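J.: Just so you know, the protein sequences line up as chains A and B, in that order. For our numbering, count along the first sequence from 1 and bump the result up by 1158. For our numbering, count along the second sequence from 1 and bump the result up by 27.
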Amino acid sequence: MSVVGSVVGFMIQTLAVSSIYILVAIGLSITLGTLKFVNFAHAAMYLAGVYIGLGIALELQFSGDIARSIGLGNVGLDLGFLAALAIIPIITFGLGLLMERFVARPFYDRPDTDQILVTFGILLIVQELIRAFVGGRSLTFSRPAWAEGAISLGPLGTYASWRLAIIGITSVLVLAVYLYIEYTDVGLAVRAGTEDTEMVNLLGVRATRPFLVIFGVGSGLAGAAGVVGGPVFSVVPEVGVGVLVPAFLVVVVGGVGSIVGSVVGGLLIGAVEVGLVMNAPTWSSVGIYALAAVVLLVRPAGLMGAVEVDE
Amino acid sequence: MSLLELEEVNSYYGESHILRGVTMEVEEGQIIALLGRNGAGKTTTLRSITGASPPEVRSGTVRFEGNDITGRRPEDISALGLSLVPEERRMFSNLTVAENLHVPDISRNLLNRIGRSEETGKTGLSDEEVYEQFPRLDERREQKAGTLSGGEQQMLAIARTLKQDTDLLMLDEPSEGLAPQIVQDVLDIIEEIAEQGKTILLVEQNAAAAIRLADYCYVLDQGRIVYEGTSEELEANDEVRQEYLGV
Ligand SMILES: Nc1ncnc2c1ncn2[C@@H]1O[C@H](COP(=O)(O)OP(=O)(O)OP(=O)(O)O)[C@@H](O)[C@H]1O
Ligand SMILES: [Mg+2]
């Protein structure tokens, strides 16, 4: 393979991995930026995306202990991947609204440690519920037929269409959310509220509402990440924690509250991970921590962030 | 009936009792000055009126247009036509001038109005009217608010509240930290707004200027109103001015 080919190949692989981290990281970053809320339960939205998405796209086998004892069989709508990709963000948007109202809001004024304990606890509960109902073994979330095979990009080489599809879907979603935040009233209220929530209230706007909406939007993105990531990462209950860690590092590296930061952070984390997996696999998970540590030493607020992350 | 009435208001920050039975009235169409030394409780009074928290109003009543608004949320009180230009201007510094001016307009958005009984979404000045009154802002529409000079930021803070349908404008130390020439510009703007029919409650360290501008004055000390009178009376009362205002 030519040098250009291997560089492009590396980039495409990086972009595909980064895509999923970015989709998860944006919601984390926004809630941390606007509401100063550390939401580890955000990864439960990814899990919802994977498992409910699998049920919508294909079929979900309930083979956990509880499911067996109550005789729950398989549930599958078999509507296909695109249907799952369309429906899941709506479902997780709704779940996000509920989570904001009943989980997050009561903890806004509490210390970070309380928020971490509660939200991480919720993530573990969701994980164990999945184990109890669906079972702990790894499921197969098959790629849609249209994304099998490879596409030739002329002189740049030939690449798995699936990776290109992930990159395309992510770009559209991230761009849509970026435009939403930059150019709508809700987005403006969120940006203003990130700087000074009380001032937004004093100007007659009930800031809790745009914050609620944007929490839902972030959850919707994490749900979409689950659908996109389902066929890429393994489908096991622990995958929630599995994507949470790199997504959190993306936020730390990119800077809290910035979508552009999440994209840049996601690309860096993805590049380091893919580079190490290719060349020094044993170092791959350590590498992203090292990157985060270096970035924080040089720029405590992250690359694009204005707000410093505590601790 | 006065536009705004405070009756025996007691406000606390945690356990510290700051406002100790503040009673005052703001007549429609007037400029009222609220004066006092550092730490006297002026900002606390304004925050108690707007519903901002802290402080916590533990007893007493705040009435606006005859309605009890004590303990209501800031966004509801603001929707009723009572606005605050807070201490230190509080720009959204990463937003442009135009975006800062657009934030009050969001109160007209359906998401903000739905299920709220207040007359949310009433409009004040249009963009064009604001830019006409504040030409310096017009020239800087796309500039980030954080990069404006102090005087320009104060203008923007005032302009922002005029986009709401305000009846009573409360200003907390609008001349703070500004060069003398700019202070005069800000005072002129306040006078102009008053002439346009808005009622003004003005908190100022610059007591002499505030007394000159105001129709009626209150003097606050250690959370109590220690003096009230017309500007002429306060002007003539050297004792009060020396003891509580240092002028
Ligand atoms: N958030 C707070 N928590 C605790 N105490 C506070 C808080 N804000 C103000 N205080 C105290 O309340 C008292 C009144 O403060 P306030 O800010 O109302 O004074 P002020 O008259 O506005 O003074 P200045 O002219 O310096 O702005 C002061 O003793 C101050 O230390
Ligand atoms: Mg003050």
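Note that CB positions come from ideal geometry on N, CA and C, so glycine has one too. All values reported here derive from a predicted model rather than from experimental measurement.
1) Taking the beta strand (DSSP E) that B/ASN264 belongs to, which residues open and close that run?
2) Beta-carbon distances below 7 Å to any heavy atom of ligand 2 define the shell here; list its residues in chain order, please.
3) Check whether the Cβ of B/THR150 lies closer than 8 Å to any Cβ atom in chain A.
4) Taking Cβ positions only, does A/ALA1350 come closer than 8 Å to chain B?
5) Please classify B/ARG285 as buried or exposed, where buried requires at least 16 other C-beta atoms within 10 Å of its C-beta.
6) Can you give the Cα-Cα distance for A/ASP1468 and A/GLU1340, rounded to whole angstroms?
7) With a threshold of 8 Å between beta-carbons, can B/VAL36 be considered close to chain A, or not?
8) Quick one, which of A/GLY1163, A/VAL1182, A/GLY1279 has its alpha-carbon nearest A/LEU1407's?
9) Considering only residues of the same chain and omitting the five flanking positions on each side of B/GLN269, which have a CB-CB separation below 7 Å?
10) Below 6 Å CB to CB, which residues in the same chain sit around B/HIS44 once its five sequence neighbours on both sides are set aside?
11) What does the Cβ neighbour count give for A/PRO1458, buried or exposed, with the cut at 16 atoms within 10 Å?
12) Which same chain residues, not among the five before or five after A/GLY1163, have their C-beta less than 7 Å away from its C-beta?
13) Could you pull out every unbroken beta strand (DSSP E) segment of at least 3 residues lying fully inside the region 128-199 of chain B, listed in chain order?
14) Just mark B/GLU179 as buried or exposed, buried being the case when its beta carbon has 16 or more other beta carbons within 10 Å.
15) Alpha carbon to alpha carbon, how far is A/LEU1370 from A/GLU1258? Give it in angstroms, no decimals.
16) If you count every other CB in all the chains shown that lies within 10 Å of the CB of A/GLU1466, and 16 or more means buried, which is it?
17) Given 8 Å as the limit, is there contact between the region 1177-1194 of chain A and the region 1385-1405 of chain A, that is, 3 or more CB pairs closer than that?
18) Return yes when at least one heavy atom of ligand 1 lies under 7 Å from the C-beta of B/ALA236, else no.
19) List in chain order: all unbroken alpha helix (DSSP H) runs of 4+ residues lying wholly within the region 66-106 of chain B.
20) Sort B/ARG85, B/THR226, B/PRO162, B/GLY108 by Cα distance to B/THR77 and report the nearest one.
21) Does chain A have any CB closer than 8 Å to the CB of B/VAL53?
22) CA-CA distance, A/GLY1231 and A/ARG1367?
23) Measure the alpha-carbon distance for A/ALA1201 versus B/LYS225 and round it to whole angstroms.
24) Mapping the DSSP letters down to three states, classify A/ASN1232 as helix, strand or coil.
25) Specify, as a first and last residue, the run of the alpha helix (DSSP H) that B/ASP212 falls within.
26) Check the Cβ of A/GLY1362 against every Cβ in chain B and list those closer than 7 Å, keeping chain order.
27) Less than 8 Å between C-beta atoms, sequence neighbours within five positions excluded: which residues of the same chain meet that for A/ILE1325?
28) Go through its chain and collect everything with a Cβ distance to A/GLY1413's Cβ below 6 Å, but skip five positions before and after it.
29) Can you give the beta carbon distance from A/GLY1362 to B/GLN191, rounded, assuming they're within the 8 Å contact cut?
30) Between the alpha carbons of B/GLU42 and B/ARG74, how many angstroms are there, rounded?
31) So does the region 1391-1407 of chain A actually touch the region 1187-1205 of chain A, counting three or more Cβ pairs closer than 8 Å?
32) Could you tell me which chain B residues have their CB closer than 9 Å to the CB of A/GLU1258, listed as they occur along the chain?
33) Check this for me: beta carbons of B/GLU255 and B/TYR245, under 8 Å apart or not?
34) State the start and end residues of the unbroken beta strand (DSSP E) segment that holds A/ALA1318.
T.: Looking at the coordinates:
1) No beta strand (DSSP E) contains B/ASN264, which DSSP labels as neither H nor E.
2) Going by the Cβ distance cut-off, the answer is B/LYS69, B/THR70, B/GLU114, B/ASP199, B/GLU200, B/VAL230.
3) no
4) yes
5) Lying outside 28 to 274, the shown extent of chain B, residue 285 of chain B is not represented and no answer is given.
6) Annotation note: pLDDT 41 at A/ASP1468 (below 50); position unreliable, coordinate value reported separately. C-alpha separation (whole angstroms): 27 Å.
7) no
8) A/VAL1182
9) none
10) none
11) Counting the other CB atoms within 10 Å of its CB gives A/PRO1458 a total below 16, which places it among the exposed residues.
12) LEU1314, GLY1315
13) Residue ranges of uninterrupted beta strand (DSSP E) with 3 or more members, entirely inside the region 128-199 of chain B and ordered along the chain, are 195-199.
14) buried
15) 6 Å
16) Bear in mind that a pLDDT of 47 at A/GLU1466, under 50, signals an unreliable position, so the number given afterwards is only what the model happens to contain. Exposed is the call here.
17) yes
18) no
19) For secondary structure counted as the alpha helix (DSSP H) over 4 or more consecutive residues, the region 66-106 of chain B holds these complete runs in sequence order: 69-77, 101-106.
20) Comparing Cα-Cα distances from B/THR77 to each of B/ARG85, B/THR226, B/PRO162, B/GLY108, the minimum goes to B/GLY108.
21) no
22) 40 Å
23) Cα to Cα, the separation comes out at about 51 Å.
24) In the displayed model, A/ASN1232 falls within a strand according to three-state DSSP.
25) In the DSSP assignment, B/ASP212 falls within the unbroken alpha helix (DSSP H) covering 207-222.
26) GLU102, SER105, ALA106, PRO131, SER134, THR147, GLN191
27) ILE1170, LEU1173, ALA1174, SER1177
28) GLY1419, ALA1459, GLY1460, LEU1461, MET1462, GLY1463
29) 6 Å
30) 17 Å
31) yes
32) The contacting residues do not exist; A/GLU1258 stays about 14 Å from chain B at best.
33) yes
34) 1316-1318
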